[in-house]
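Read through the structure below, which is laid out as structure tokens, and then see the notes.
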Amino acid sequence: MSDLLRRHRAVMPAWMPLYYDEPIEIVRGKGNRVVDASGKSYLDFFAGILTNMIGYDVPEVREAVERQLATGVVHTSTAYLLRGQVELAEKIARLSGIENAKVFFVNSGTEANETALLLATYARGSDQILAMRQSYHGRSFGAISVTGNRSWKNSPLSPFNVHFLHGTDRHLPQFRGMSDAEYIAACVEDLRHVLATATAPDVAALIAEPIQGVGGFTMPPDGLYAAYKEVLDEQGILFISDEVQTGWGRTGTAFFGIHNHGVTPDIMTFAKGLGNGFAVGGVVARGDLMDGLPATGLSTFGGNPIAMAAANATLDYVLDHDLQANAHRTGTLIIEGLRLAAARLPVVGDVRGRGLMFAVELVDPATGAPAPALAGRFMEETRAAGLLVGKGGLYGNAIRMAPPLTLTEDEAREGLRIIVATLEKINAEAA
Ligand code: PLP
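Note that numbering that gives the first Met the number 0 numbers the sequence shown so that position 416 is 415, with each residue one more than the last.
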């Protein structure tokens with residue numbers, strides 16, 4: 000065990016996950032690669048943890064932050080006018096597609112979801128929330144309570160009365176063999192049943208990730224959320240889209256993940272990649288919902304000038320270089336390559352994804368049962384080959400990949416080669 004790992008274990012919580020048998024200390028980054036303390040270089044297929052959305056050491060972001068630092072002001076107060084905040088809010092309001100949208104900045108995805116739930120429960124005068132099975136929304140009481148994934152729930156306490164819906168659980172026996180349309184119809188019937196029998200009459204909102212992140216990049220069929228929205232609209236129930244992982248063009252086919260479903264939500268939350276490593280989170284919502292809160296409220300550090308400088312530069316870079324199109328192009332190349340490999344490798348139970356957000360599930364080739372130990376093997380093998388990926392999913396057997404949106408076609412091919420070679424090796428061993 001390295002000295003740093005020993006010291007980490009001594010002073011940091013046991014429940015903080017660390018990837019790899021011998022965890023990596025990243026000391027430098029450039030482009031889409033990082034370097035560890037031993038000098039080994041890795042192509043980063045997880046963008047940090049979807050944080051380094053446009054790669055490492057991006058001059059435009061560094062210079063924007065340095066310009067702000069040169070003013071001598073790191074942060075004063077969000078009670079003063081801050082130009083960077085207004086400029087970023089204008090861009091996000093426009094991109095959201097939400098009518099008369101207003102934006103509030105915080106520092107994390109958890110805080111963003113807390114704010115969204117606050118807006119919805121206040122507006123509707125209800126503590127009833129609908130959420131999705133297998134979801135992950137953060138680690139505060141409110142966010143945990145709408146998280147439908149036991150491995151991330153550290154508390155049974157809840158400020159809300161939460162009802163979990165089907166929609167991302169096609170693996171369950173009752174849904175096997177269904178077409179998309181049949182599955183959506185079954186999920187809608189379940190939603191109507193929940194509303195008719197399980198909830199109090201007034202439900203505040205549904206909160207959902209367009210593609211579940213921690214849940215293993217699980218994808219509901221396109222159109223599911225449009226079908227849900229129709230039912231919700233009948234009762235005035237609000238729709239909160241958690242875009243913490245799916246925003247900013249990552250899915251390739253839409254700027255925000257929920258737009259792939261043809262849905263304009265009432266509220267969206269975001270964080271992770273927007274600051275390209277600097278902490279930025281926020282909520283964009285219908286103006287009437289945002290303005291509706293009765294008391295004053297600010298976030299001391301939410302929307303601070305350094306975070307806004309980084310976020311404005313990052314978002315401009317994404318738009319100026321049309322990185323959504325790049326995510327579509329490079330992501331499609333990888334996903335198609337993975338599907339071809341999966342067709343001949345029984346150790347791959349599933350390939351799924353959209354744009355630069357894709358996953359493979361590792362299973363026991365004989366039984367098809369989830370094989371988390373093989374996912375661990377995959378992590379160690381790809382690490383040795385110089386590729387960083389993520390792990391997760393309900394059964395811990397999903398390899399999650401979300402490279403920076405700046406990934407080049409050559410890097411896409413390089414990563415794909417390593418992944419396929421590793422799958423072949425594990426398949427041969429497990430057969
Ligand atoms: N929502 C989703 C979809 C996430 O993936 C995460 C973090 O992984 C969060 C919310 C919580 O964000 P944070 O860790 O910034 O609080």
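Glycine included, C-beta positions come from ideal geometry on N, C-alpha and C.
Item	Value
Beta-carbon proximity check, residue 167 vs residue 217, cutoff 7 Å	yes
Assumed close pair residue 403, residue 31 - CB separation to whole angstroms, cut-off 8 Å	5 Å
Sequence-distant residues of its chain with Cβ nearer than 8 Å to residue 123 (five each side left out)	201, 202, 203, 204, 235, 236, 237
Beta-bridge pairing of residue 164 - partner residues as DSSP gives them	131
Heavy atom of ligand 1 within 6 Å of residue 229 beta-carbon	no
heavy atom of ligand 1 below 6 Å from residue 298 C-beta	no
CA-to-CA distance, residue 278 to residue 51, given in whole angstroms	11 Å
Span of the beta strand (DSSP E), counted from its first residue to its last, around residue 241	237 to 241
C-alpha distance - residue 369 paired with residue 229, whole-angstrom precision	35 Å
Start-to-end residues for the beta strand (DSSP E) that takes in residue 47	Where residue 47 is concerned, there is no enclosing beta strand (DSSP E), although the alpha helix (DSSP H) it sits in stretches over 46 to 49.
Inter-residue spacing [alpha-carbon to alpha-carbon] between residue 116 and residue 141	8 Å
Residue from 154, 195, 224, 301 with nearest C-alpha to residue 186	224
Every unbroken alpha helix (DSSP H) inside the segment 384 to 428 [4 residues or more]	none
Same chain, Cβ closer than 7 Å to residue 90, five either side skipped, listed in chain order	314
Delimiting residues of the alpha helix (DSSP H) encompassing residue 305	304 to 319
Same chain, Cβ closer than 6 Å to residue 373, five either side skipped, listed in chain order	361, 425
Start-to-end residues for the beta strand (DSSP E) that takes in residue 360	357 to 361
Cβ neighbour criterion (16 or more within 10 Å) applied to residue 457	An answer regarding residue 457 cannot be provided, because it is not within the stretch 0 to 430 covered by the chain.
Span of the beta strand (DSSP E) around residue 13	It is not in any beta strand (DSSP E) - residue 13 carries neither H nor E in the DSSP assignment.
Counted within 10 angstroms of its Cβ, other Cβ atoms place residue 106 as buried (16 or more) or exposed	buried
Extent of the continuous alpha helix (DSSP H) run through residue 330	322 to 343
Per-residue burial, residue 304 [other beta carbons within 10 Å of its own, 16 or more giving buried]	buried
Three or more C-beta pairs below 8 Å linking the segment 380 to 395 and the segment 412 to 421	yes
Burial state of residue 408 (16 or more Cβ within 10 Å)	exposed
Where the alpha helix (DSSP H) containing residue 40 begins and where it ends	Residue 40 -> not in any alpha helix (DSSP H); beta strand (DSSP E) instead, spanning 40 to 43.
Residue 244: CB within 6 Å of a non-hydrogen atom of ligand 3	Ligand 3 is absent from the structure shown, which contains only ligand 1.
Extent of the continuous beta strand (DSSP E) run through residue 284	280 to 285
Proximity test, residue 178 beta-carbon vs ligand 1 heavy atom, cut-off 6 Å	no
Whole-angstrom distance between residue 131 and residue 220, CA atom to CA atom	14 Å
Own chain partners of residue 320 with C-beta closer than 7 Å, once the 5 adjacent residues on each side are dropped	none
Within the segment 184 to 249, ranges of the alpha helix (DSSP H) (whole runs, at least 4 residues)	223 to 233
Exposed unless 16 or more other CB atoms sit within 10 angstroms - verdict on residue 214	buried
Cutoff 7 Å; reference residue 94; Cβ partners in own chain excluding five residues on either side	254
heavy atom of ligand 1 below 6 Å from residue 150 C-beta	no
Endpoints, the alpha helix (DSSP H) within which residue 261 is located	Looking at the DSSP string, residue 261 is not in any alpha helix (DSSP H), and its letter there is neither H nor E.
Contacts around residue 311, its chain only, beta-carbon distance under 8 Å, and the 5 residues preceding and following it disregarded	63, 83, 86, 87, 90
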